Amino acid sequence: MQRQRSLLALIVVLVIAAIVAIARLPISLGLDLQGGSQLTIQVQPTAEIPQITDRELEAVQSVIENRINGLGVSEPVVQTVGQDQILVQLPGVSNPEQAERVLGGTAQLEFRTQRPGTEAQLFAEQQVRLGLLAKQQELRATNNTTEIQQNQEAIERSNAAIAQLFESTNPPLTGRNLEDAYGQPTQAPNNWEVGIRFDSPGAELFAQLTRDLAGTGRSIGIFLDNELISAPTVGPQFAQTGITGGSAVITGRFTAQEANDLAIQLRGGALPVPVEIVENRTVGATLGRDSIQRSIYAGIGGLILVLIFMVVYYRVPGIIADLSLCVYALLTWASFALLGVTLTLPGIAGFILSIGMAVDANVLIFERTREELRAGKSLYRSVESGFYRAFSSILDSNVTTWIACAALFWLGAGLVRGFALTLALGIAVSMFTAITCSRTLMFIAISLPSLRKPELYCPNLPTVRRAEVAR
Amino acid sequence: MKLSINQSRKLWWAISAVAIITGIAAMLISWQQIGAPLRPSLDFVGGTRLQLERDCSQPNNCAQPIDITAVREVLAAQGLANSSIQILGQEQQGISIRTSTLDVEQRTQLQDALSQRIGAFDPQSTQIDTVGPTIGRQLLSSGLLALIVSFGGIIVYISLRFQLDFAVFAITALLHDVLFTAGVFAILGLVWGVEVDSLFIVALLTITGFSVNDTVVIYDRIREILKVNPDRSISEIVDDAVNQTLARSINTTLTTMLALFAIFLFGGETLKNFALALIIGFICGAYSSIFIASTLLSWWRERHGQRLATQSTAVIDSPPEDT
């Protein structure tokens with residue numbers, strides 16, 4: 097009885113913790129439920145770059161991230177998938193066409209000359225832009241879509257104003273001419289710089305551009321997709337020849353991180369690799385809400401039917417099973433919240449299905465208990481061996497389902513993984529609740545005199561027992 | 568009631584054989600008609616599906632149901648004549664169009680042309696799915712691979728926990744369920760144009776898990792009886808094991824069905840076919856565990872002796888002391 101009490105206390109604590117977790121941590125909804133676009137972007141190899149390596153993929157990813165920032169979406173997700181794909185999730189995006197157009201193009205990097213007499217203006221515009229970008233960071237956290245959009249438009253105006261202050265060289269010096277960019281430490285400690293290297297036509301153009309700007313205080317405008325990412329100036333010592341030889345370093349007070357970020361952005365722009373959107377799954381916000389509602393109805397409906405069935409068929413154990421099913425539902429939901437599972441439509445299906453399967457462990461145990469009762473054992477012994485003997489079946493059957501889940505999680509993608517994870521988690525929790533919760537409640541029930549009647553556990557016991565004896 | 572499943576096992580095998588052969592025949596016919604055993608959705612072959620709903624908050628926009636011939640004309644004008652069109656919803660204010668893969672420009676052009684002809688659409692309830700052909704192939708191959716890997720894993724696990732012949736017949740029953748479900752969907756594809764998407768592969772995998780689950784419970788009981796009475800005839804043991812676990816098989820299948828029917832009836836459109844596949848597969852799984860996996864095992868052991876090595880599992884299975 098002592099053990100039962102402490103287990104019961106444990107279960108109560110877990111249930112309270114689960115309720116707190118559910119109340120505190122919101123479950124993030126997949127795009128199919130909250131609406132939004134999921135795009136898979138494939139990086140295409142070209143004659144110059146026949147093989148996409150991690151380095152290229154990283155560079156393209158940074159370009160994509162840049163562009164997504166330009167879309168003004170809150171909480172975007174950008175991940176690389178496999179060797180040559182990038183997965184982009186844009187929750188709540190209202191204009192998928194714009195997103196596709198913006199994300200689908202090849203990166204455009206260009207080195208431009210600042211127009212004479214715009215120094216003060218550039219400084220002022222850059223301050224404005226920094227302010228707007230900082231504000232955007234704050235807004236992203238608040239999830240206020242309209243304000244994010246408005247601020248984004250302001251950023252775009254600011255970008256356009258900055259772009260006005262620069263002009264292209266003739267012919268233009270673009271990413272095509274840039275061979276490499278890399279972060280490197282300088283002689284001084286804790287200071288980094290970014291090295292760049294051009295091909296030979298690029299080297300000539302760069303020499304000309306730096307000669308024009310050297311010592312004037314005007315800067316080289318490095319634009320990625322028409323957005324200024326760096327504006328270094330050139331020292332007066334290059335006024336005669338410009339920076340020749342095709343190599344240069346951009347200095348400044350860079351940290352290692354900053355230098356690498358800029359180098360990656362430059363490389364991304366230098367890549368002549370085209371990208372293609374190979375998959376687009378967009379769900380309108382209303383459609384998503386509709387699916388949630390229907391799935392929740394389905395879940396509750398299924399659960400109620402199962403609860404009724406169990407009480408009707410199994411009597412007292414049925415009530416116990418129902419209690420532990422409710423505990424099961426709470427714990428599973430809480431573990432989704434704790435593990436940060438993103439809930440998708442198939443995920444909800446996995447959850448509903450796992451409710452149906454969670455009953456299985458209880459059914460196995462109760463059927464076993466009934467058998468032992470029919471064989472003439474005492475109530476206590478029957479319950480005990482019901483749990484004991486059912487365990488290996490429960491374990492074996494759950495492990496086989498886990499194997500299927502593992503295969504799905506390992507090899508599947510996107511929505512499929514959500515299903516596998518929720519089903520696997522659900523089965524794990526169901527094993528726990530069947531073994532601890534049902535068991536504890538069962539032993540408490542049979543310790544109460546008013547509930548210690550075998551017929552409450554196994555209806556029409558005597559007749560069945562006669563049949564057993566006859567056999 | 569007591570079932571003697573071994574008495575009429577030829578009958579059960581015949582029923583299953585007929586069902587599976589019918590399914591395979593449907594897959595072959597389907598192969599001749601559409602080049603695939605099951606009607607693949609764009610998840611596997613690529614393409615674009617546009618689901619649009621008219622914006623009924625605008626005045627006079629939803630005066631009458633959408634005219635499918637108008638939609639067809641618009642598509643023909645865009646050079647997309649061989650697309651499939653469906654009118655959706657009770658008020659027939661929605662359309663679903665499936666075309667070859669469209670890029671952004673083509674898609675926007677199509678959407679504009681449609682809304683000019685038919686009326687404004689509500690972007691909040693628009694659904695766009697575009698899957699490139701390479702992605703489709705990836706989804707299909709990774710799905711099939713997942714299926715094969717989990718088969719392998721299950722064989723290894725059951726061989727370890729039981730014996731190899733148990734594993735082989737569990738897998739036979741499992742293949743039976745997968746083939747049967749696929750066969751039903753091949754027929755549904757031929758008759759009503761039901762398509763299978765990546766969730767169908769998920770359904771097949773869940774069916775395999777459930778089917779084996781059911782089989783294992785019976786096997787577990789066979790092993791238990793066999794250990795206590797190693798000299799009883801195997802078919803009697805199997806019959807007993809099946810009968811002792813029958814109530815559990817029925818109840819578990821029933822409770823799972825309650826949950827699945829809830830999804831099937833109230834769940835979203837996406838989940839309908841998924842739930843249907845599971846319903847078919849789970850019922851079939853319960854049948855095959857009782858009538859196929861068990862009868863095959865007793866037939867095999869009758870011919871090859873019924874010794875069972877129990878050492879590996881002795882620790883977990885030793886029953887509690889009875890007083």
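As given, the protein sequences belong to chains F and B, one line each in that order.
Note that our numbering has the first sequence beginning at 97, numbered continuously upward.
Note that our numbering has the second sequence beginning at 568, numbered continuously upward.
Ideal Cβ positions, reconstructed from N, Cα and C, are used throughout, including at glycine.
The model shown is predicted, which means the values in this text are computed figures rather than measured ones.
- Gly-872(B): not part of any beta strand (DSSP E); DSSP gives it neither H nor E.
- Cys-422(F) and Gln-98(F) have their C-alpha atoms spaced approximately 24 Å apart.
- Residue burial is scored here from C-beta neighbours: Val-116(F) has fewer than 16 other C-beta atoms within 10 angstroms and is therefore classed as exposed.
- Rounded to whole angstroms, the separation of the alpha carbons of Ala-335(F) and Ala-237(F) is 47 Å.
- Across the set Arg-665(B), Ser-855(B), Thr-589(B), Gln-625(B), the C-alpha of Ser-855(B) shows the shortest separation from the C-alpha of Leu-741(B).
- CA-CA distance, Arg-272(F) to Ala-366(F), rounds to 6 Å.
- Shown here for Leu-426(F): same chain residues with a beta carbon closer than 8 Å to its own, the five before and five after excluded, namely Val-111, Ala-114, Ile-115, Ile-118 in chain order.
- Residue pairing for Val-345(F): DSSP places it in a beta bridge opposite Gly-291(F).
- Considering only beta carbons, the part of the stretch 368 to 380 of chain F lying closer than 7 Å to chain B consists of Val-374, Glu-375, Asn-376, Arg-377, Thr-378, Val-379, Gly-380, in chain order.
- Look at Tyr-278(F): its C-beta is not under 8 Å from any C-beta on chain B.
- If the five residues before and after Thr-382(F) are omitted, its C-beta is found closer than 8 Å to the C-beta atoms of Gly-131, all from its own chain and listed in chain order.
- The closest CA to that of Glu-234(F), considering only Glu-252(F), Ser-133(F), Ser-170(F), is found on Ser-170(F).
- Contact between the stretch 701 to 711 of chain B and the stretch 818 to 838 of chain B is absent, with fewer than three C-beta pairs closer than 8 Å.
- For the options Ala-216(F), Gln-223(F), Gln-217(F), Ile-373(F), the alpha carbon positioned closest to that of Pro-700(B) is the one of Ile-373(F).
- With respect to Gln-304(F), Gly-341(F) sits apart: the two C-beta atoms are not nearer than 8 Å.
- Closer than 7 Å at the C-beta level to chain B, one finds these residues of the stretch 438 to 454 of chain F: Leu-441, Pro-442, Ala-445, Ile-448, Leu-449, Ile-451, Gly-452, Met-453.
- Excluding its 5 nearest sequence neighbours in each direction, Pro-632(B) has C-beta neighbours in its own chain below 8 Å: Ile-654, Glu-658, Gln-659, Gln-660, listed in chain order.
- Rounded to whole angstroms, the Cβ separation of Arg-293(F) and Asp-276(F) is 5 Å, and the two are in contact under 8 Å.
- Annotated three-state conformation of Ser-663(B) is strand, per DSSP.
- From the beta-carbon of Thr-697(B), the residues of chain F found nearer than 7 Å are Glu-375, Asn-376.
- Two segments are said to touch when three or more pairs of C-beta atoms, one from each, lie closer than 8 Å; by this definition the stretch 455 to 464 of chain F touches the stretch 522 to 540 of chain F.
- When beta bridges are read from the DSSP output, Asn-376(F) appears opposite Leu-135(F), Thr-697(B).
- The beta carbon of Thr-270(F) sits closer than 8 Å to those of Gln-204, Leu-205, Glu-206, Phe-207, all from its chain and outside the five residues before and after it, given in chain order.
- For Pro-370(F), no pairing in a beta bridge is given by DSSP.
- Of all residues in the stretch 379 to 400 of chain F, only Val-379, Gly-380, Ala-381, Thr-382, Leu-383, Asp-386, Ser-387, Arg-390, Ser-391, Tyr-393, Ala-394, Gly-395, Gly-397, Gly-398, Leu-399 place a beta-carbon less than 8 Å from a beta-carbon of chain B.
- In the same chain as Ile-258(F), and ignoring 5 residues on each side of it, the C-beta atoms closer than 6 Å to its own belong to Glu-221, Leu-324, in chain order.
- Each residue's CA atom was taken as its position, placing Thr-465(F) and Ser-778(B) some 24 Å apart.
- Straight-line spacing of the CA atoms in Ala-520(F) and Arg-377(F) works out to 26 Å.
- Ranked by Cα distance from Pro-192(F), the options Val-330(F), Phe-302(F), Val-379(F) are led by Val-379(F).
- Contact between the stretch 679 to 699 of chain B and the stretch 480 to 498 of chain F is absent: fewer than 3 CB-CB pairs across the two stretches fall below 8 Å.
- The residues Pro-604, Ala-753, in chain order, have a CB closer than 6 Å to that of Met-594(B) in the same chain once the five nearest residues on each side in sequence are set aside.
- Relative to Ile-107(F), the option among Ile-540(F), Cys-533(F), Ser-190(F) whose CA is nearest is Cys-533(F).
- The alpha carbon of Val-638(B) has as its nearest neighbour, out of Asp-670(B), Val-671(B), Gln-678(B), Ala-630(B), the alpha carbon of Gln-678(B).
- For Asp-357(F), no chain B residue has a C-beta closer than 7 Å to its own C-beta; the minimum C-beta separation is roughly 29 Å.
- At least one CB of chain F lies nearer than 8 Å to the CB of Ala-713(B).
- Within the same chain, Cβ atoms closer than 8 Å to the Cβ of Pro-555(F) are found at Arg-411, the five residues on either side in sequence being excluded.
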